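The letter at position 35 of the sequence shown is residue 17 when you use my numbering, and the numbering goes up by one with no holes. These notes concern the structure reproduced below.
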Amino acid sequence: MKRRSLDPETPVESAELSLCEALLSLKNAVEMDAFLRDLCTPAELEVLVDRWRVVPYLLDGVAYREIHERTAVSITTIGRVARFLTQGNGGYLAAAARASRRRAAAKKVRA
């Protein structure tokens, strides 16, 4: 992670919290997409999407090579996501659980 040699006016922790609050303030996927496209370069967004794409496969216990074949995401990235799923801060798991509940609720409404 990049660290600046000069002390910024806003501490990193405060700026990070501000970013989290900005993300939480968005009302729907369309607003989130617009924000992420403004915030990230195309390459950064691609990296985020690649990481998120492999989460369901890892949670289902799919082998890394098979995930790679299905998604074209590198084995290194798959391994990194797997490590954070088991040793991270719980963010992937929380988001995956919420996404799963939303999909289930949407299916119920359509049925």
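Don't be surprised by glycine CBs; every beta carbon is placed ideally from N, CA and C. Only a predicted model underlies this, so the values are computations on that prediction, with no experimental measurement involved.
The alpha helix (DSSP H) enclosing residue i, as first and last residue numbers
{"i": "residue -8", "result": "Looking at the DSSP string, residue -8 is not in any alpha helix (DSSP H), and its letter there is neither H nor E."}
{"i": "residue 79", "result": "73 to 92"}
{"i": "residue 25", "result": "24 to 41"}
{"i": "residue 12", "result": "11 to 21"}
{"i": "residue 63", "result": "57 to 69"}
Close Cβ partners of residue i (< 7 Å) along its chain, the five nearest in sequence each way excluded
{"i": "residue 41", "result": "78"}
{"i": "residue 48", "result": "none"}
{"i": "residue 8", "result": "14, 17"}
Proximity below 8 Å, CB of residue i to CB of residue j
{"i": "residue 74", "j": "residue 37", "result": "yes"}
{"i": "residue 35", "j": "residue 23", "result": "no"}
Anticipated Cβ contact below 8 Å, residue i with residue j, distance rounded
{"i": "residue 33", "j": "residue 63", "result": "5 Å"}
{"i": "residue 61", "j": "residue 39", "result": "About 13 Å; that fails the 8 Å criterion."}
{"i": "residue 27", "j": "residue 18", "result": "6 Å"}
Own chain residues within Cβ distance below 8 Å of residue i, not counting five before or after
{"i": "residue 65", "result": "none"}
{"i": "residue 57", "result": "46, 47, 50"}
{"i": "residue 81", "result": "none"}
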